[in-house]
Amino acid sequence: MDYEPSDSADRTGASGELMPTAVKILIAGGFGVGKTTLVGAVSETRPLRTEEVLTEEGVSVDDLSGIETKTTTTVAMDFGRISITDDLVLYLFGTPGQDRFWFVWDELALGALGAVVLADTRRLADCFPSVDYFEKHGTPFIVAVNCFEGARQYQLDEVTQALSLDPGVPVMLCDARRRESGKEVLIAVLEHAMRTHRRVSATTAG
Amino acid sequence: MTEYEEPPDVHWVDEHAGPVVRPYAVTRGRARPVTGKFDLVSQVSTARTVASQDVGLGPEHLAIIALCRRRLSVAEVAAHLDLPLGAVRVLLGDLLERQLVRVVEPRPTPVLTDDSIFEQVINGLRTL
């Protein structure tokens, strides 16, 4: 079945075990908080957009009364890619902020290395659905406060309190427009996820 | 920005008008792929060229085969074709069944005893 003289065939070993080729980090948060800006700032190409269409079979949260039965809900996700090595690609998915899009979240969160909840201190409540979701599903996450001009600067522990975060959840400031800042955010969530992973591994092994 | 390279008459319907062809028409009414799971970040690459016996392929199938000469994720294929993910999964299922594409699924979660993936990505990001 392999006619292509490419290295990609090597990824499936003799045992059939798959090498890791693609990993993802989720960028969550409320509408207009800068998710796509952050994705674009660190990605190697401009953000791409993909859509998931929810057909009526899964619609239970939307009120469809009075609307034709074939109504669908479309959720758009912006995402970007960073090629780490030839064999390893990191994808960043901006996840729609409303909790009624849970069906997309489940798919996005599956196998994600971690998540960034992007926060705007003027609308902190917009973070609640994301924080709730990741806490409930055990996805390691950090909160990155996007520093909008004109917004009052909060102390980071005030954000922790306002969002009732576990003290172990890192909170940091960022500027979603800046590539270096975006990279710091991604490194922070990966380091947090790695610590969480090691703790879980140690508990499970013991 | 250099997004608009085609002549203007190509874009007589803009993105706000919605799809000209309904997604389920592209998949001929099918909602599920015949085979395969196709995670958002599953990597798809073209496995062989289309031969004369490969009947029944639509223009979208051929577009995927052309696109995936370079390895791409399912999400990227959907974005480039401007089709919903569900429709793209159905099309990919057709291609996988005919062994026209090769698909590598991501590992579901990092293996418990192995956290090297985190270090690899962190180190990669630092050197960018």
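Those protein sequences? They're chains A and B, same order as listed.
If you're matching positions, the first sequence starts at 1 in this note's numbering and goes up one per residue.
If you're matching positions, the second sequence starts at 1001 in this note's numbering and goes up one per residue.
Glycine included, every Cβ here is placed at the ideal spot set by N, Cα and C.
Since we're looking at a predicted model, the values are computed, not measured.
Quiz item: Roughly how many angstroms separate the alpha carbons of B/PRO1106 and B/VAL1077, rounded to a whole number?
Solution: Walking along the second sequence from the start, residue 1106 of chain B turns up at place 106. Walking along the second sequence from the start, residue 1077 of chain B turns up at place 77. Each residue's Cα considered, the two are about 16 Å apart.
Quiz item: Quick one: does A/THR21 have its CB under 8 Å from some CB of chain B?
Solution: Residue 21 of chain A sits at position 21 when you count from the first residue of the first sequence. At least one chain B Cβ lies under 8 Å of A/THR21.
Quiz item: Quick one: does A/ILE67 have its CB under 8 Å from some CB of chain B?
Solution: Position 67 of the first sequence holds residue 67 of chain A. The predicted position of A/ILE67 is uncertain, since its pLDDT is 44 and thus under 50; a value taken from the coordinates is nonetheless stated next. It does not: the Cβ of A/ILE67 has no partner Cβ on chain B nearer than 8 Å.
Quiz prompt | Among B/ASP1114, B/GLN1120, B/ARG1098, the one whose alpha carbon lies nearest that of B/ALA1051 | solution = Within the second sequence, the letter at position 51 stands for residue 1051 of chain B. Minimum Cα distance to B/ALA1051 is reached at B/ARG1098.
Quiz prompt | Alpha carbon of A/VAL116 to alpha carbon of A/ILE25, nearest angstrom | solution = The sequence position of residue 116 of chain A within the first sequence is 116, counting from 1. The sequence position of residue 25 of chain A within the first sequence is 25, counting from 1. Their Cα atoms are separated by approximately 8 Å.
Exercise. Note down the Cα distance separating A/VAL75 from A/HIS137, rounded to an integer number of angstroms.
Key: Sequence index remark: in the first sequence, residue 75 of chain A carries index 75 (1-based). Sequence index remark: in the first sequence, residue 137 of chain A carries index 137 (1-based). Approximately 21 Å, taken between the alpha carbons.
Practice problem: Could you tell me whether the Cβ of B/ASP1054 comes closer than 8 Å to any Cβ of chain A? | Solution: Here residue 1054 of chain B corresponds to residue number 54 of the second sequence, with the count starting at 1. So no, B/ASP1054 is outside the interface.
Exercise. Specify whether the stretch 30-42 of chain A and the stretch 153-171 of chain A touch according to this definition: at least 3 beta carbon pairs, one from each stretch, less than 8 Å apart.
Key: no
Quiz prompt | Endpoints, alpha helix (DSSP H) assigned at A/LEU156 | solution = The sequence position of residue 156 of chain A within the first sequence is 156, counting from 1. Residues 156-162.
Self-check item: Residues of its chain near A/ARG179, where Cβ-Cβ distance is below 7 Å and the 5 sequence neighbours each way are ignored
Solution: Counted from its first residue, the first sequence places residue 179 of chain A at position 179. Closer than 7 Å at the Cβ level, and outside the excluded window around A/ARG179, lie ALA41, VAL42.
Quiz item: What residues in the stretch 131-143 of chain A have a beta carbon less than 7 Å from any beta carbon of chain B?
Solution: none
Quiz prompt | Neighbourhood of B/GLY947 by C-beta distance below 7 Å, restricted to the same chain and skipping five residues each side | solution = Residue 947 of chain B lies beyond the stretch modelled for chain B, which goes from 1001 to 1128, so this question has no answer here.
Self-check item: N- and C-terminal bounds of the alpha helix (DSSP H) containing B/ASP1094
Solution: As a first step, residue 1094 of chain B is located in the second sequence; it is residue number 94 there, counting from the start. Element bounds for B/ASP1094: 1085-1097.
Quiz item: Using a C-beta cutoff of 8 Å, does B/PRO1106 count as contacting chain A?
Solution: For the purposes of this step, residue 1106 of chain B is taken as the residue at position 106 of the second sequence. Judged by the 8 Å Cβ criterion, B/PRO1106 is in contact with chain A.
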